[in-house]
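In our numbering, the protein residues as written are 1202 to 1349.
The beta carbon of each residue, even a glycine, is placed where N, CA and C say it ideally should be.
Everything below concerns the one structure shown next.
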Amino acid sequence: KSERVVVENEHWLVVVPYWETWPFQMLLLPRRHVLCLPDLTAQERDSLASIMKRLLTEYDKLFEVSFPYSMRWHGSYLKEDMSHLQLHAHYYPPLLRSATIHKFMVGYEMLANEQRDLTPEQSRVPQYAARGHTRPVREKCLAHANFK
1202 KSERVVVENE HWLVVVPYWE TWPFQMLLLP RRHVLCLPDL TAQERDSLAS IMKRLLTEYD
1262 KLFEVSFPYS MRWHGSYLKE DMSHLQLHAH YYPPLLRSAT IHKFMVGYEM LANEQRDLTP
1322 EQSRVPQYAA RGHTRPVREK CLAHANFK
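Written out as structure tokens, the structure reads:
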């Protein structure tokens, strides 16, 4: 759905996945079916660098700090037929409500069921609008997350 799109360009799309459990978790996807990074064209590699910079810049604006994150790629690197797979990357930032409050998964979250720490109502923080951010990543992420 387009309301889940955070940033995009000609070759890539960054969305808030409906299953997200980390605050501000993102999913980076190519617009065409690609199995692995070596299969990217030169243009796709260039625009990948561009979209990653845009996403990380938006993250940094969120709490006005250099935003920490973990990232991982998924794809196929096997020679056998894996055409059902789609190259994609996950971003997992540990910051929760501010630059000093981190999310730590422990106990039941690691072994049973994750906890969603923020509600859509908590995402409407007036100070972000005052800074001139019309629709910050925080609002995009949380307004469209599938909170239960």
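Task: Element boundaries [alpha helix (DSSP H), containing Met1253] - done: As a working mapping, residue 1253 is identified with position 52 in the sequence shown. Per DSSP, Met1253 belongs to the alpha helix (DSSP H) from Ala1243 to Phe1264.
Quick check on Tyr1219: buried or exposed, where buried means 16 or more other Cβ atoms within 10 Å of its Cβ? For this step, residue 1219 is matched to residue 18 along the sequence shown. Exposed, since its Cβ has fewer than 16 Cβ neighbours within 10 Å.
| query | To which residues of the same chain is Glu1209 closer than 6 Å at the C-beta, ignoring the five residues directly before and after it? | reply | By one-based count along the sequence shown, residue 1209 stands at place 8. Nothing meets the Cβ criterion.
Q | Selection from Glu1211, Val1215 and Leu1236 that minimises the alpha carbon distance to Asp1282 | A | The count along the sequence shown starts at 1 and reaches residue 1282 at position 81. Of Glu1211, Val1215 and Leu1236, the smallest CA-CA separation from Asp1282 is found for Leu1236.
On the three-state DSSP scale, how would you describe Leu1229? In the sequence shown, the residue the question calls residue 1229 occupies position 28. Reduced to three states, the DSSP call for Leu1229 is strand.
Notebook entry, point to check: Can you name the residues that DSSP bridges to Leu1288?
Noted result: Numbered from 1 along the sequence shown, position 87 holds the residue referred to as residue 1288. None, per the DSSP bridge assignment.
Top-ranked residue by Cα proximity to Leu1230, from Arg1246, Ala1300, Lys1262 and Ser1299: As a first step, residue 1230 is located in the sequence shown; it is residue number 29 there, counting from the start. Residue Arg1246 is the option with its Cα nearest to Leu1230.
| task | Leaving aside the five residues before and after Trp1223 along the sequence, list all residues of the same chain whose C-beta is less than 8 Å from its C-beta, in chain order. | result | Taking the sequence shown and counting its residues from 1, the one referred to as residue 1223 is at position 22. The answer, listed in chain order, is Tyr1293, Pro1294, Pro1295 and Lys1304.
Could you check where the beta strand (DSSP E) with Glu1209 kicks off and where it finishes? The sequence position of residue 1209 within the sequence shown is 8, counting from 1. Unbroken beta strand (DSSP E) run through Glu1209: Val1206 to Glu1209.
Alpha-carbon spacing of Leu1288 relative to Ile1302, whole angstroms
Here residue 1288 is taken as the residue at index 87 of the sequence shown, counted from 1. Here residue 1302 is taken as the residue at index 101 of the sequence shown, counted from 1. Their backbone Cα atoms lie some 32 Å apart in a straight line.
### Task
To the nearest angstrom, report how far apart Thr1258 and Val1206 are at their CA atoms.
Within the sequence shown, residue 1258 is the residue found at index 57, counting from 1. Within the sequence shown, residue 1206 is the residue found at index 5, counting from 1. The C-alpha of Val1206 is placed about 16 Å away from the C-alpha of Thr1258.
**Study point:** Other residues of its chain near Leu1286: CB distance less than 7 Å, five sequence neighbours each side excluded
**Key:** In the sequence shown, counting from the first residue as 1, residue 1286 sits at position 85. Leu1236, Gly1276 and Ser1277, listed in sequence order.
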